[in-house]
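This report concerns only the one structure given below.
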Amino acid sequence: MTASTKAFRIVALLLLLAGVLLLRKPLFSQTITAAPTRFSVVIEGVAPGKGTNVLLIPGLASSRDVYAAEAKHLTANYRLHLVQIAGFAGEPAGPNATGPILAPVVEQLHQYLVDNHLQPIPIIAHSMGGLLALMLANAHPEDVSKLLIIDTLPFYGLVFNPAATVENVAPQAKVLHDQFIAMPNDQFAASQPLFTSRLVISPDGAKAVSASSIASDRTVFANAMLEDLGTDLRPQLAAIKTPMTLLYPYEPAEGSPTDVAALYTNAYAAKPNLQIIRIDNSRHFIMYDQPAAFDKAVEAFLRP
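So for the sequence shown, the working numbering puts the first residue at -2; every next one is plus one.
Pasting the structure below:
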């Protein structure tokens, strides 16, 4: 993977981690009446006590409906708690409009699990959602039974450079943040197809990713991106004992299989109880590009 390709990929990943905006009628659905302020939750699937609870967290600027297709497979047997972060994909920004985002979201996730007697719960999480899930498992290990993380790195700066640190990535991250905030709406919308093409092979998935990013609050989007780039969980990985499966995408344009695998294996070298699975012929949104492989991985993950 060349330096320019790596740089472009990190920009694309952090600007456009978005999900499909679909209208659907789930088998069993309700919105939590006492919703947390940092995110909302929609429940789908079986009635309470009739199946395993599962928490699903989307990535930066993504709608919960990034999991819509998978949810259709799971609702007959599971009770799904589908999160959407305030300010992403049309969700009102709420308190995420100012100040820190990631750590407060983690604490509200913890409180949601406590209040609803869901501990410990399996979590499926994509990209920045995966970072949030790892932060939750680190801060509150009693909350999480196991993790399925989809194309998440414990420190996204590694895509710039394997030797990257929070300190040397910070200036680039700040420039990116400021440019992102200053970009006119029409220019941002016009740029989406190019960025999205680096994240998704599926034409329908690409349209959904663009729509979700455009619908996001730009300030929340940019500030969460900056926090994401400034978070390095590698020092905490050895202490996160929660069993974890990591899915990562691969296509030849990204480099040799060995080099791409090394990015993930080196990043998670300190993590115990870890299984890493490569999904071929996919980009960042594995659930769109390889839905059958994604469904197989989810089923295996949820199996007792």
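Ideal placement from N, C-alpha and C gives every residue a C-beta, glycine not left out.
Is the CB-CB distance between residue i and residue j below 8 Å?
| i | j | result |
| --- | --- | --- |
| T193 | V206 | yes |
| L133 | V103 | yes |
| N93 | A83 | yes |
| Q81 | R35 | no |
| H137 | H107 | yes |
| L155 | T228 | no |
| E67 | V295 | yes |
| T332 | I273 | Because the chain here runs from -2 to 301, residue 332 falls outside it and cannot be looked at. |
| N113 | R76 | no |
| N135 | A235 | no |
| P33 | Y109 | yes |
| L226 | A170 | yes |
What are the start and end residues of the beta strand (DSSP E) that includes residue i?
| i | result |
| --- | --- |
| G91 | It is not in any beta strand (DSSP E) - G91 carries neither H nor E in the DSSP assignment. |
| I198 | First-last for I198: undefined, no H or E at that position. |
| M180 | It is not in any beta strand (DSSP E) - M180 carries neither H nor E in the DSSP assignment. |
| R275 | 271 to 277 |
| H107 | Not the beta strand (DSSP E): H107 falls in the alpha helix (DSSP H), residues 99 to 112. |
| N158 | Per DSSP, N158 belongs to no beta strand (DSSP E) and is neither H nor E. |
| I54 | 49 to 54 |
| A122 | 118 to 123 |
| I82 | 75 to 82 |
| E251 | Unbroken run through E251: none, as it is neither H nor E. |
| G46 | No beta strand (DSSP E) contains G46, which DSSP labels as neither H nor E. |
Considering only the alpha carbon of each residue, which of the options lies closest to residue i?
| i | options | result |
| --- | --- | --- |
| K268 | T228, P151, D292 | P151 |
| E139 | A203, Q169, P117 | P117 |
| A208 | V51, F185, A219 | F185 |
| R231 | Y64, R61, A161, G87 | A161 |
| A297 | R61, L71, S60 | L71 |
| G337 | G87, L234, S213, N74 | Limits of the chain in this structure are -2 at one end and 301 at the other, which puts residue 337 out of reach. |
| Q189 | A212, D292, D175 | A212 |
| A187 | K204, D175, L173 | K204 |
| G87 | F218, T149, L191, D183 | F218 |
| I98 | A259, L223, A235 | L223 |
| S37 | Q169, L260, L52, A264 | L52 |
| L260 | L226, N220, D148, Q233 | D148 |
| Q233 | A266, A221, S210, L226 | A266 |
| G69 | H281, E41, F85, G91 | This sequence places Lys at residue 69; Gly is not what is there. Nearest option by C-alpha distance: E41. |
| D62 | A44, G48, F85 | F85 |
| G126 | A221, L115, D175, G48 | A221 |
| L271 | K238, D292, P168 | K238 |
| G48 | L115, Y153, H281 | L115 |
| D292 | Y64, P168, S60 | Y64 |
Could you check if residue i is buried or exposed, using at least 16 other CB atoms within 10 Å of its CB as the buried criterion?
| i | result |
| --- | --- |
| N158 | exposed |
| R300 | exposed |
| V111 | exposed |
| A290 | buried |
| G202 | buried |
| E164 | exposed |
| P89 | exposed |
| S253 | exposed |
| G96 | exposed |
| L173 | buried |
| D214 | buried |
| I178 | exposed |
| L191 | exposed |
| D183 | exposed |
| L20 | Reliability fails at L20, whose pLDDT of 31 lies under 50, so the model's placement of it is uncertain and the value that follows must be treated cautiously. Classification of L20: exposed, given that the 10 Å Cβ count is below 16. |
| A130 | buried |
How would you write the range of the alpha helix (DSSP H) that residue i sits in, first residue to last?
| i | result |
| --- | --- |
| L243 | Element bounds for L243: not the alpha helix (DSSP H) but the beta strand (DSSP E), 241 to 247. |
| L223 | 215 to 226 |
| H137 | From DSSP, H137 is part of no alpha helix (DSSP H); its letter is neither H nor E. |
| I283 | 283 to 286 |
| K69 | 65 to 71 |
- Task: Determine, using beta-carbon pairs with one atom in the region 235 to 253 and one in the region 270 to 285, whether at least three such pairs fall under 8 Å.
- Result: yes
- Count the CB pairs spanning the region 181 to 200 and the region 285 to 297 that are closer than 8 Å, and state whether there are at least three. yes
- Message: Does the structure place the region 238 to 245 close enough to the region 137 to 149 that three or more beta carbon pairs sit under 8 Å?
- Response: yes
- With a cut-off of 8 Å, do at least 3 Cβ pairs link the region 112 to 127 to the region 48 to 61? yes
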